[in-house]
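Enquirer: Just so we're aligned, residue 59 is where the sequence shown starts under my numbering, counting upward by one.
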Amino acid sequence: MPPFSSFWQAGYEGADHINPFGERLSMNALTDHLSQYHNDYAALQQFGITSARESIGWRLAEMEPQTTLESLKKRMNSARSFGVQINWTFCHYGWPDDLTLFSSEFVPRFAAFCQRMARFLAEYYEDAPIYSPMNEISFMAWGISVGLFGNNAHTDPDEIKRQLIRATLAGCAAIRQVDPRARFLHCDPIIHVVPDEDSDACRQRTRDINASQYQAWDMIAGLREPELGGKPHFLDVVGANYYHGNQWLTWSGCRLEWHLGDARRVPLHPLLAQLTERYQRPILLAETSHVGSGRAAWIAQVTADVAQAQLNGCDIRGICLYPIIDRPLWEDLDHWPRSGLWDVDPHKKRLLNPVYAASLQQSQRLLARFQGLITAASRPEESVMKQSVLVVFSHLRWGFVFQRPQHLLSRLAQFHRIVFIEEPIYQPGEAALRQYQPAPNVTVIEPHTDVAAPGFHDSQIAVLQPLLAELLDDDETPLVWFYTPMALPLLACFTPSAIIYDCMDELSAFNQAPRQLQQRESALLSRADLVFTGGTSLYEAKQHRHPQVYCCPSSVDAGHFEQALDRTNSHPLQENLPKPRLGYYGVIDERLDLTLIAALADAHPDWQIVMVGPVVKIDAASLPQRSNLHWFGQQPYAALPHFLAGWDLCLMPFALNPSTRFISPTKVLEYMAAQLPIVSTAIADVARHYTDVVSIADSHQSFIQACEAALNMPVETRYQLAKNMAARVAETSWDRTVEEMQAHIMALTKRQISHPEVAAARPPALAHNTVECLILGAGPTGLSAGYHYGAGAVVLEKNATVGGWCRSVEDQGFTFDHAGHIMFSNDPYVLRLYDILLGDNQHWQTREAWVYSHDVYTRYPFQSALHGLPAEVIGECVLGAIEARYESPPALQAVTTEARRDCCADGAIPDGESLACQPESEDFESFIFRTWGKGIARHFALPYNQKLWKTPLVNMETSWLGGRVPLPDLEQIISGALAPLDKPVGPNARFGYPLRGGFQALMEGFLPHLNCTLEMEAGVSEIQPLQRRVLLSDGRQFHYDQMISTLPLPELVRLMGNFAPEAVQKAAKQLRHISVRCVNLGIGRANISDKHWIYYPGNTLFHRIFLQGNASPYCNPEGGFGLTCEMTYRDDQPLPYEGDALIERCIADCIRVGIINADDEIVTASEVDMPYAYVVYDHQRTANVTLIRSWLATQGIHLSGRYSEWEYYNSDHAFLAGKRAAETVKDLTHNRKTTA
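#1: Measure the alpha-carbon distance for R959 versus F242 and round it to whole angstroms.
#2: So which of T775, P919, P340 has the shortest CA-CA distance to D750?
#3: Check for me: the alpha helix (DSSP H) holding Q332 runs from which residue to which?
#4: State yes or no: is the C-beta of S1345 within less than 8 Å of the C-beta of D246?
#5: Does the beta-carbon of D651 have 16 or more other beta-carbons within 10 angstroms, so that it is buried, or is it exposed?
#6: Please tell me whether W1151 and G878 are closer than 8 Å, where the distance is taken between their beta carbons.
#7: Which stretch, first to last residue, makes up the beta strand (DSSP E) that contains Q271?
#8: If you follow the alpha helix (DSSP H) that H758 is part of, which residue opens it and which one closes it?
#9: With burial defined as no fewer than 16 other Cβ atoms inside 10 Å of the residue's Cβ, what is the status of N569: buried or exposed?
#10: Between the segment 284-293 and the segment 221-230, can you find at least three pairs of beta-carbon atoms closer than 8 Å?
#11: Keeping to the same chain, check which residues put their C-beta closer than 6 Å to that of T1282; ignore five residues upstream and five downstream.
#12: Give the list of continuous beta strand (DSSP E) stretches no shorter than 3 residues that lie fully inside the segment 1035-1087.
#13: Taking the alpha carbon of S1103 as the point to measure from, which residue in H901, W990, A843, A907 has its own alpha carbon closest?
#14: Kindly list the residues whose CB is nearer than 6 Å to the CB of A73, restricted to its own chain and excluding five residues on each side of it in sequence; keep chain order.
#15: Could you give the first and the last residue of the continuous alpha helix (DSSP H) run that contains V509?
#16: Does the segment 501-517 touch the segment 414-433, meaning 3 or more C-beta pairs lie closer than 8 Å?
#17: For my contact list, L1060 and P1052 are in at a C-beta cut-off of 8 Å; report their separation, rounded to the angstrom.
#18: Might you give, ordered along the chain, the residues of its own chain that have their beta carbon closer than 6 Å to the beta carbon of G1190, omitting 5 neighbours on each side?
#19: Nearest to D743 by alpha carbon, out of P78, E598, L329, G1259?
#20: Work out the CA separation of G106 and W66 for me, nearest whole Å.
#21: Would you mind listing the alpha helix (DSSP H) stretches within the segment 370-456 that are 4+ residues and don't spill past its ends, in chain order?
#22: Out of curiosity, what's the CA-to-CA distance linking T125 and H244?
#23: Does Y1267 pass the burial test, meaning 16 or more other C-beta atoms within 10 Å, or should it be called exposed?
#24: According to DSSP, is T591 part of a helix, a strand, or is it coil?
#25: In whole angstroms, what is the alpha-carbon distance linking H96 and F148?
#26: Under DSSP, the beta strand (DSSP E) around M710 begins and ends at which residues?
#27: Please tell me whether S753 and I736 are closer than 8 Å, where the distance is taken between their beta carbons.
#28: In whole angstroms, give me the CA-to-CA distance for A1275 and F920.
#29: Would you list the one or two residues that DSSP bridges to M1014?
#30: Put V796 into one of helix, strand or coil per three-state DSSP.
#31: Which class does G1156 belong to by DSSP, given the choice of helix, strand or coil?
#32: For P772, is the classification buried or exposed, using 16 other Cβ atoms within 10 angstroms of its Cβ as the cut-off for buried?
#33: Cα separation between A995 and L1011?
#34: Between the alpha carbons of Q951 and V914, how many angstroms are there, rounded?
#35: Ignore the nearest five residues each way along the sequence and tell me which others in P672's own chain have a CB closer than 8 Å to its CB.
#36: Going by DSSP, which residues form a beta bridge with D875?
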């Protein structure tokens, strides 16, 4: 069966029943989706959602049949324009008012309705449509029986269910008669019910309720009551609906609260596994969402469960966010529960929930990575590299307080299979390992031995070694990660590829620390390849003990803890406590100042002190007891935000002793996410980093006074504090921390594992030799700078080859570039440089650039070649251009000699020559309408640029377009509409390309001419601008006099860390860019097209195809042809597919637009990723770049090139930029020498 067009899907609430109060519902009307459908579908694009669940509504459709068909037509056409697949539900609880459920007409009339709808919709589907004839049969049957669906109450839910099944099966058969392609999705809730009484009757009732969830699916498939007519082919996809209320107690019906982490709940993934085992069918999580502040945390948890289910073999085809747009409750139309990705204001305006949106996008990235692991595992064994394994030794149990190890490792599981080995548990008898999987791709190993010694004691080692030695295959070489040095002797159980130490605490300072711990840590530091620390104080303590120590402070899961911003969502354990409430959560051990806690309770008996957390290593009897002091013990991680929601002040009452000297408490950021005042004792890392948002106290009395001040804080001060806290939280996340750590791990493995001989051959560090001009990056700008500077310059390049994004890839005889590159320039010097670098290895030709829209090809530029488009499109474009020209303000009526060429605005054509004076503050969208008019804007300029930039065009300014506004040449537009364009126009109408070697040949052309020093595989790990020193990943150091950087500007500043002023770091973080992913396809057919590149404003995933095979005849093997599909993404707008799924989507799109045929052989397919590709000219760019550049100039650092200057450069501009930078620095150093 055909897949859904996207894994992530949107569901629009379309119920049309009569509620218990007799109100006839039309939920699509109440949400105004029937009017706003076009914008609703458009809004999905930013999340890569191209599959949606919609409802027709049987009751409404039979009331107004013609109106219904018109609505279906409009929605289908609109959806098709965005490439959105609609999966229709025919009956959404309501049926015609003149029918009763058990009348003889009910079944045949529903079948006839289904057939009419399927016949009408068939023409709109190229692929098999997916239909749900009757929504939630089991739930609907129950709802009718209790009067929830009020127009035909009946007391026997089983008989109701049978009747609905009869209608559904008749509907399926009727649909297949008119559209045999149709496939059926049948949805119902999946549930888990737990007995709340220890009795046979309760246990039996529990079994019956749990079994009832399968009845409708069983009947449809013919597994139950086959006389109803069910057959396996009527159940194509199982739709599982899952919300927080789907688990409850049998007799009382009380929910097992998800948000409080009720231990009696079961995760979602075993429920999905039960469906897989029972039906062996694809599954769609057809409805899921939460309400209010819990939405972000819910989707993160659902994503993890779906990933785990998929890794365990479940065929999950998608997750549908339902509702995607908030809707009122069926029984209370004035109450909108805030359950959508978009909330709805009183005027029905859609309001994107930013926290939910951020969580969704992170979930999409996470799941795509896990799905990449599944795709790789499904390939033939001989073609697959085994997944990396990360073995972890931990002194903390996974099920203990959820903290740094769980946060990091559950996220690192995207990249590595995690094997988490805990300390042994005493158990008489034979030693064994117990395993369980608490998170996707994470396996916890729980050793059980008959050795009483605690932890990884020496007496445990001999027992554990033979058990652990069997964990991995003989050929596996895992990364081995330590949280406790005491486990170091167990390293002998594995053949490690690298050793990592994540030092999160100074364990030797803790109570009951093993006496060997310091010695073991010294041994671990001598063997480790990489060391992370959980805070600054730990970093300073360890940095001189190992050459590669990185400070990766603990962070925060903002989406989880921001649930506390809903102050009505307090935990029931504290709901009866009076206010104010002062709270602490965390481990309760020797690190807490219990005397301070008692003093706090005594100072203000009216204050309620809430202490949440397990008591360890101290006697619980030693805890102070007061009537206003409440010890609630360990609580689930899920429940912590709900404690915070009921507090007025957060406490960090740590003792100042050796055990707290190096701590960096995770909870400080979690407290900040709740935007509550915080009072802490003088913990070094807290005092160092957070004095602007945390009150620091150095005595018991000052701590109490700080609490008093916080509780009496003026409203304005509290508001500003909350704002500052939110800004701090926004600067960090566990996901970013893990990305940074993974980058260090990958750099480590590439350097020490893949190329050990390279590392061994490195020259000694250059500690004292000062480089006259140090150039970072050997892309086109860096190579040009090195070429023009000559002797005295050193160029550092992190890759094994030069060229940057101008490198090429050879694959089975095909040559592919990193996106499409060509040679063209109006500068005589650049043209001479081409001859110097390439000689006769040049191939020049006339450009064939085209646009594919409205199912036809037209020449590029779009506005000059309208001929061939539908007549109504041509008319709209010409009329719009006329209106733009003659209705523009008089001041803008300057005459130009030629039309603006590049309405793609992707830099393919320079545009500086044809521009007239423009208002300074104009945004890009206004510019488009004023320049080309609304027709060209609608049909090309807007959709293409929105697709390319992934940024609202009103947020972009226009200085990058040349500094002046072009006016269209109406004669050219009109003549191009009346007849085909004779020949290409514009400065790159003729372009060049290396005859052999791909575009990289142009870059390598520099190498014989370089008089500077070129260092390859020289990745920079840190820049110390005050010392004018650069540290490399391999341990070398370079001191420089002047530096030319071609690195992306945000990366340059990041490498400086806190050596850069805070204002500079902040400005760098505000710079925006988009990334490009290229899918390279080698086709087993020659000469598939005569075009060079094609722009796609429509619903393809890619925005442009570069016909690499036509750049040079030597780019293809005999009988083959290469092309590159280019698509953009941003961190907050990831691609909807990864890996093989992305390649398959591109191939499908290429077939659909006719660039290749369905029967063409795909000889090779690969991806190229360009994280920094296009600079975004937002309205803050100029100010931010100016600030950064000004400070860097004081440090002897010169910016050059597209990414370092944060400018829009082509490769010829890059050559000139490198030349300018080299000449500037050479003049500077030369003048200094001659005046010394």
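Ideal Cβ positions, reconstructed from N, Cα and C, are used throughout, including at glycine.
Expert: Quick answer:
#1: Position 901 of the sequence shown, counted from the start, is the residue given in the question as residue 959. Position 184 of the sequence shown, counted from the start, is the residue given in the question as residue 242. Low confidence applies to R959: its pLDDT is 38, below 50, so where it sits in the model is not reliable enough to give any reading.
#2: As a working note, residue 750 is residue 692 in the sequence shown. From the listed residues T775, P919, P340, the smallest Cα separation to D750 is found for T775.
#3: For the purposes of this step, residue 332 is taken as the residue at position 274 of the sequence shown. Note, Q332: alpha helix (DSSP H), 326-337.
#4: With the chain running from 59 to 1294 in the structure shown, residue 1345 is simply not present.
#5: Within the sequence shown, numbered from 1, the residue matching residue 651 stands at position 593. Counting the other Cβ atoms within 10 Å of the Cβ of D651 gives 16 or more, which makes it buried.
#6: Indexing the sequence shown from 1 puts residue 1151 at position 1093. Indexing the sequence shown from 1 puts residue 878 at position 820. In this structure, the beta-carbon distance from W1151 to G878 falls below 8 Å.
#7: The residue given as residue 271 occupies position 213 in the sequence shown. Segment: none, Q271 is in no beta strand (DSSP E) and carries neither H nor E.
#8: By one-based count along the sequence shown, residue 758 stands at place 700. In the DSSP assignment, H758 falls within the unbroken alpha helix (DSSP H) covering 758-769.
#9: Stepping through the sequence shown from its first residue, residue 569 is reached at position 511. Classification of N569: exposed, given that the 10 Å Cβ count is below 16.
#10: Contact between the segment 221-230 and the segment 284-293 is present, because at least three Cβ pairs lie under 8 Å.
#11: Reading the sequence shown from its first residue, position 1224 is the one you call residue 1282. Cβ contact annotation for T1282 (same chain, cutoff 6 Å, sequence separation greater than five): none.
#12: Taking only runs of at least 3 residues, the beta strand (DSSP E) segments lying wholly in the segment 1035-1087 are 1048-1052, 1071-1073, 1078-1082.
#13: Start at 1 with the first residue of the sequence shown, and residue 1103 comes out as number 1045. Cα-wise, what sits closest to S1103 is A843.
#14: In the sequence shown, residue 73 corresponds to position 15, counting from 1. Answer for A73: L83, M85, H150, Y151, listed in chain order.
#15: Here residue 509 refers to the residue found at position 451 of the sequence shown. From DSSP, V509 is part of no alpha helix (DSSP H); its letter is neither H nor E.
#16: These segments do not touch.
#17: As a working mapping, residue 1060 is identified with position 1002 in the sequence shown. As a working mapping, residue 1052 is identified with position 994 in the sequence shown. Confirmed, Cβ separation roughly 6 Å.
#18: Stepping through the sequence shown from its first residue, residue 1190 is reached at position 1132. Looking at the sequence provided, one finds Asp at residue 1190 rather than Gly. Excluding sequence neighbours, D1190 sits near Q419.
#19: The residue labelled residue 743 in the question sits at position 685 within the sequence shown. Distance check between D743 and each of P78, E598, L329, G1259 places E598 closest, using alpha-carbon atoms only.
#20: Counting from one through the sequence shown, the residue named residue 66 turns up at place 8. Counting from one through the sequence shown, the residue named residue 106 turns up at place 48. About 8 Å.
#21: Counting whole runs of 4 or more residues, the segment 370-456 contains the alpha helix (DSSP H) stretches 412-435.
#22: For the purposes of this step, residue 125 is taken as the residue at position 67 of the sequence shown. For the purposes of this step, residue 244 is taken as the residue at position 186 of the sequence shown. Take the alpha-carbon of T125 and the one of H244: they are about 27 Å apart.
#23: Position 1209 of the sequence shown, counted from the first residue, corresponds to residue 1267. Buried, since its Cβ has 16 or more Cβ neighbours within 10 Å.
#24: Within the sequence shown, numbered from 1, the residue matching residue 591 stands at position 533. T591: strand per DSSP, three-state reduction.
#25: In the sequence shown, residue 96 corresponds to position 38, counting from 1. In the sequence shown, residue 148 corresponds to position 90, counting from 1. H96 and F148 have their C-alpha atoms some 21 Å from each other.
#26: Looking up residue 710 in the sequence shown gives position 652. Taken as a continuous stretch (DSSP letters only), the beta strand (DSSP E) holding M710 covers 707-710.
#27: Here residue 753 refers to the residue found at position 695 when the sequence shown is read from its first residue. Here residue 736 refers to the residue found at position 678 when the sequence shown is read from its first residue. It is a contact, given that the beta carbons lie within the stated cut-off.
#28: To locate residue 1275, count along the sequence shown from 1; it is residue 1217. To locate residue 920, count along the sequence shown from 1; it is residue 862. Rounded to whole angstroms, the separation of the alpha carbons of F920 and A1275 is 31 Å.
#29: The residue given as residue 1014 occupies position 956 in the sequence shown. Per DSSP, D1236.
#30: Mapped onto the sequence shown, residue 796 falls at position 738. It is helical.
#31: Counting from 1 along the sequence shown, the entry for residue 1156 is found at position 1098. Reduced to three states, the DSSP call for G1156 is coil.
#32: As a first step, residue 772 is located in the sequence shown; it is residue number 714 there, counting from the start. When all chains shown are included, P772 counts as exposed.
#33: Working through the sequence shown from its first residue, we reach residue 995 at position 937. Working through the sequence shown from its first residue, we reach residue 1011 at position 953. If I take the Cα positions, the gap works out to 12 Å.
#34: Here residue 951 refers to the residue found at position 893 of the sequence shown. Here residue 914 refers to the residue found at position 856 of the sequence shown. Unreliable positioning characterises Q951 in this predicted model, as indicated by a pLDDT of 36, which lies under 50. The coordinate reading is nonetheless provided below. Approximately 34 Å between the Cα atoms of the pair.
#35: The residue given as residue 672 occupies position 614 in the sequence shown. Cβ within range, chain order: F458, V459, V645, I646, G691, Q692.
#36: Against the sequence shown, residue 875 aligns to sequence position 817. DSSP lists S866 as partners of D875.
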